[in-house]
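Heads up: the structure comes next, in structure tokens.
Quick look at the structure:
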């Protein structure tokens, strides 16, 4: 499905370029000067050391557009983890809502942004960044970040990882469009051990709330036990302890 690949040596953000392209397009850059993550954070994107990729999707044409859009980020996390596994045999875990981890170190992240053009959402740009080499993350986060090559103890071919990730994304996108949501949720839960029983702090709109994760519901919301009640979390910042 993802055959129209635009390759750039450098760009501000692959998401910005992809937002101008039709469904099925892919943008890959060797270096981003203004890469971004969730909640306006900067995504460090030095040349020659990571994968910086954006895809253009149209979950609005799915059998259940609303649920497909809601579960898009979880489906992408599953697919990218599966792609890395297929290309390198490295086991990758997921953390709600959009992070890829190996043990307790972050390997990559995902950012989905709607393209509205002044009307209803017709396309979604799905961007992801993966640390391939240790140089892909700044020294001040070396205690909480990792890379594929660091974990494997050897070099890897970025193109092989890219193609495996795109193949897995195509399969999981087909699942979304066809409404096979249980397959996606089951696969996500299997790769997300921290979604149950982990101590977390939720930075809600009214302040910090401490609790314990209690799974992810069928709509993709994180469940959190706070005392004797369970709360659904669909937004805000989660701090994992």
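In the working numbering, the protein residues as written are 1139 to 1379.
Every residue, glycine too, gets a C-beta built ideally from N, C-alpha and C.
- Across the set 1339, 1356, 1150 and 1146, the C-alpha of 1339 shows the shortest separation from the C-alpha of residue 1363.
- Counting along the chain, the unbroken alpha helix (DSSP H) around residue 1315 starts and ends at 1296-1316.
- Partner residues in the beta bridge of residue 1360, as assigned by DSSP, are 1354 and 1371.
- Between residue 1248 and the set 1254, 1233, 1240 and 1259, the nearest pair of CA atoms involves 1233.
- Proximity of the segment 1326-1333 to the segment 1167-1180 falls short of the contact definition, fewer than three beta-carbon pairs being nearer than 8 Å.
- Rounded to the nearest angstrom, the Cβ distance from residue 1194 to residue 1263 is 6 Å, consistent with a contact under 8 Å.
- Sixteen is the threshold: since fewer than 16 other Cβ atoms of the shown chains lie within 10 Å of the Cβ of residue 1344, the residue is exposed.
- A contact between stretches requires three or more CB pairs, one per stretch, nearer than 8 Å, and the segment 1220-1232 meets this requirement with the segment 1282-1291.
- Following the DSSP letters along the chain, one finds residue 1220 inside the alpha helix (DSSP H) bounded by residues 1210-1226.
- 1360 is the residue among 1360, 1170, 1286 and 1156 whose C-alpha sits nearest the C-alpha of residue 1209.
- Counted as a single uninterrupted DSSP element, the beta strand (DSSP E) harbouring residue 1248 occupies residues 1243-1253.
- 8 Å or more divides the Cβ of residue 1202 from the Cβ of residue 1335.
- About 6 Å separates the CB atoms of residue 1216 and residue 1322; that is less than 8 Å, so the two are in contact.
- Here residue 1220 is buried: its Cβ has 16 or more other Cβ atoms, across all protein chains shown, within 10 Å.
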